[in-house]
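Q: So for the sequence shown, my numbering puts the first residue at 25; every next one is plus one.
Idealized CB from N, CA, C, for every residue including glycine.
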Amino acid sequence: GLLAQSYRPHPGDQVDQLLAEFVNQPRQGACRALFCRLGEGAYLFGTQRASLRVQGNVIEALCGGQWVALEQFVQHMQASQGVHLRRAREVACGGAPSPGGSE
Numbered sequence: 025g026l027l028a029q030s031y032r033p034h035p036g037d038q039v040d041q042l043l044a045e046f047v048n049q050p051r052q053g054a055c056r057a058l059f060c061r062l063g064e065g066a067y068l069f070g071t072q073r074a075s076l077r078v079q080g081n082v083i084e085a086l087c088g089g090q091w092v093a094l095e096q097f098v099q100h101m102q103a104s105q106g107v108h109l110r111r112a113r114e115v116a117c118g119g120a121p122s123p124g125g126s127e
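1) How big is the Cα-Cα spacing for Gln29 and Glu95?
2) Would you decide whether Ala66 is buried or exposed? Buried here means 16 or more other CB atoms lie within 10 Å of its CB.
3) Does the beta-carbon of Cys60 have 16 or more other beta-carbons within 10 angstroms, so that it is buried, or is it exposed?
4) Taking the alpha-carbon of Met101 as reference, which of Thr71, Val78, Val82 has the nearest alpha-carbon?
5) Within a Cβ cutoff of 7 Å, which residues of the same chain sit near Leu42, ignoring the five residues on either side of it in sequence?
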């Protein structure tokens, strides 16, 4: 199948810049399609609103009232939102995985 479009950051938005670097890593391909920028530091991740910020050079997300590394946030969301995310991923990737399991 076609490769998913890489995430293009909003010009001059440092949070978006770092988010793009994160989701454009090959192993984060599945969550690339799930982030949608609403405004400065405000995103949708799948169906959930997410607040992101940059601390130093690290991107963090607000998760259960505390700031955690974006990677932890994504893992947490995939665990709790698994069904929605799988559905979103199937839509983003154009349906079920191809037979034979070739990526």
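A: Answer, in terms of the structure:
1) 20 Å
2) Ala66 counts as exposed, since fewer than 16 other beta carbons sit within 10 angstroms of its beta carbon.
3) exposed
4) Thr71
5) Val78, Ile83
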